[in-house]
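Asks: Would you mind keeping the following structure in view while I ask a few things?
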């Protein structure tokens with residue numbers, strides 16, 4: 001796969017190598033002018049991507065947040081105010097009336113990680 005590939009309305013871009021992401025942690029990936037938080041959970045061998053911008057404090061911080069799970073659902077907590085968000089669908093788990101996160105599909109091929117961006121909308 002090249003650095004970008006367009007399939008069924010999604011543009012997949014090369015984000016990083018699998019070894020660039022810490023086990024059970026996150027990194028910040030820059031796509032055009034946007035920042036995307038990429039997370040890897042070793043126990044479930046699962047990858048997640050969300051906007052890096054905290055919707056509450058408007059700071060680029062989620063990739064440095066504390067990761068874990070709540071009732072089996074993967075989550076990240078903002079390092080500033082501890083609001084917790086689902087990595088699966090972006091909703092706020094600590095306050096149902098709080099803003100949600102934009103999430104992106106992730107796939108791996110060999111040792112490369114790709115993030116999908118809808119062609120109908122740019123990253124958040």
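Numbering (my numbering), first residue to last: 1 to 124.
In this text, a Cβ means the ideal position worked out from N, Cα and C, and glycines have one as well.
Here the structure is a predicted model, which means the values were calculated and not measured.
(1) Residue 63 by DSSP, collapsed to three states: which one?
(2) Threshold first: 3 residues or longer. Then list the beta strand (DSSP E) segments lying entirely within the stretch 11-83, N to C.
(3) Please name the residue in 105, 106, 77 whose C-alpha comes closest to that of residue 92.
(4) Nearest-angstrom Cα distance between residue 55 and residue 109?
(5) Between the Cα of residue 15 and the Cα atoms of 97, 114, 48, which residue gives the shortest distance?
Replies: In terms of the structure at hand:
(1) helix
(2) 25-31, 34-41, 46-51, 66-70, 73-77
(3) 77
(4) 31 Å
(5) 114
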